Amino acid sequence: MSAQSFGTRLQQAVADRGPIVAGIDPHAALLEAWGLPDTPAGLAEFSRVGLEAVAGQVAAIKPQSAFFERHGSAGVAVLEELLAEARSASVLTILDVKRGDIGSTMAAYAQAHLRPGAPLEADAITVSPYLGAGSLDPAVELALDSGKGLFMLALTSNPDGPRIQHARDFHDTPVALHVARHAEDVGAGTENRWGSVGLVVGATVGDAFTRLGLAEATTSAPILAPGFGAQGAGPAQLTEVFGESAGRTLVSLSRGLLAAGPDPQRLRQAAAALRMHYS
Numbered sequence: 011m012s013a014q015s016f017g018t019r020l021q022q023a024v025a026d027r028g029p030i031v032a033g034i035d036p037h038a039a040l041l042e043a044w045g046l047p048d049t050p051a052g053l054a055e056f057s058r059v060g061l062e063a064v065a066g067q068v069a070a071i072k073p074q075s076a077f078f079e080r081h082g083s084a085g086v087a088v089l090e091e092l093l094a095e096a097r098s099a100s101v102l103t104i105l106d107v108k109r110g111d112i113g114s115t116m117a118a119y120a121q122a123h124l125r126p127g128a129p130l131e132a133d134a135i136t137v138s139p140y141l142g143a144g145s146l147d148p149a150v151e152l153a154l155d156s157g158k159g160l161f162m163l164a165l166t167s168n169p170d171g172p173r174i175q176h177a178r179d180f181h182d183t184p185v186a187l188h189v190a191r192h193a194e195d196v197g198a199g200t201e202n203r204w205g206s207v208g209l210v211v212g213a214t215v216g217d218a219f220t221r222l223g224l225a226e227a228t229t230s231a232p233i234l235a236p237g238f239g240a241q242g243a244g245p246a247q248l249t250e251v252f253g254e255s256a257g258r259t260l261v262s263l264s265r266g267l268l269a270a271g272p273d274p275q276r277l278r279q280a281a282a283a284l285r286m287h288y289s
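Right, here's the structure in full:
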């Protein structure tokens, strides 16, 4: 087990390096813009330059597994190397895999990414609670035992998201609020120490975070917030969307940062500027 919880390590990383989480997302269009081939070799160079440029400038990196998986075993091998190199450089990793299942299958997903020594070991992963938040308990247990973390999808910015996430049960409780309460309950945080189970809340969801009660329900759960930069949200949304939870909100940026590549110096400068912009 890690000497410190993931929540504690993440809170310290944000205090030291600001709230930016750099998405290492090798889109075909980004690879082309960087002058790299859409091949495992191109992915490897993209990942190497991206990690080296943002190390020390961001709280964590967030590789999107799908962009590696589409290249098969060779692409997954690049992801393994990226996660290992980040660990060696003491850069926290949030692997965006959005896993969600029940029983032994959920446990196996957790073992693939949260078990210390696993080939695809990350510090935290994204998970989907929409088979029931309790279905994620095998991942919660392994994460807390291993000093790892989870981010549960709560309020996403896709157009159809509200149809499920804003829906209310027979007690008139929004589904997303059930997720937030579960994350807060199991995350083992305190008033002054972040929990290790957080939420994914899009920075473009408007007032839903507050209006549906998630802001009031969470006092220690960190919030991973995609939607900044290329998707339209900016520094103003930190307070407009998240209110008093802004201090626990991670600003996830991918294209808004990586478009500065492939020159490593320009990438470092962009990461440093964004860090100041959102701090």
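Each residue of the sequence shown is one higher than the one before, starting from 11 at the first, in the working numbering. Beta carbons are placed, not taken as given, at the ideal position from N, Cα and C, and that holds for glycine. Predicted model, so just to flag it, every value in this text is computed and none were measured.
With C-beta atoms as the reference, is residue i less than 9 Å away from residue j?
i	j	result
T32	A94	The identity of residue 32 in the sequence shown is Ala, whereas the question assumes Thr. Taking 9 Å as the Cβ cut-off, A32 and A94 do not qualify as a contacting pair.
L268	L89	no
I233	V215	no
G212	S167	yes
A198	G17	yes
I264	Q67	A small correction: the amino acid at residue 264 is Ser; Ile does not occupy that position in the sequence shown. No, Cβ-Cβ distance for S264 and Q67 is not below 9 Å.
P129	V189	no
G28	M286	yes
A134	L160	yes
G205	A231	yes
Three-state secondary structure (DSSP) at residue i?
i	result
F311	Since the first residue shown for the chain is 11 and the last is 289, residue 311 is missing from the structure and cannot be characterised.
Q74	strand
L125	A small correction: the amino acid at residue 125 is Arg; Leu does not occupy that position in the sequence shown. Note: R125 maps to coil in three-state DSSP.
V215	coil
R109	strand
M11	Caution applies to M11, whose pLDDT of 48 falls short of 50 and renders its modelled position unreliable; the value that the coordinates give is listed next. DSSP places M11 in coil when its eight states are reduced to three.
A235	strand
V101	coil
G157	coil
L163	strand
Which stretch, first to last residue, makes up the alpha helix (DSSP H) that contains residue i?
i	result
L89	82-98
T18	16-27
G52	50-64
G171	171-175
Going by C-alpha distance, which of the options is nearest residue i?
i	options	result
I104	D26, L141, V207	V207
S290	P274, E201, S156, L284	Nothing can be reported for residue 290, as the shown portion of the chain is limited to 11 through 289.
F238	S75, Q247, V137	Q247
E201	D155, E254, V59	E254
T49	A243, G82, A227, D26	G82
Taking 8 Å as the cut-off, is the C-beta of residue i nearer than that to any heavy atom in the ligand GTP?
i	result
R276	As for the ligand GTP, it is missing from this structure, which has no ligand bound.
Taking residue i as part of the beta strand (DSSP E), name the residues at either end of that continuous run.
i	result
S262	259-263
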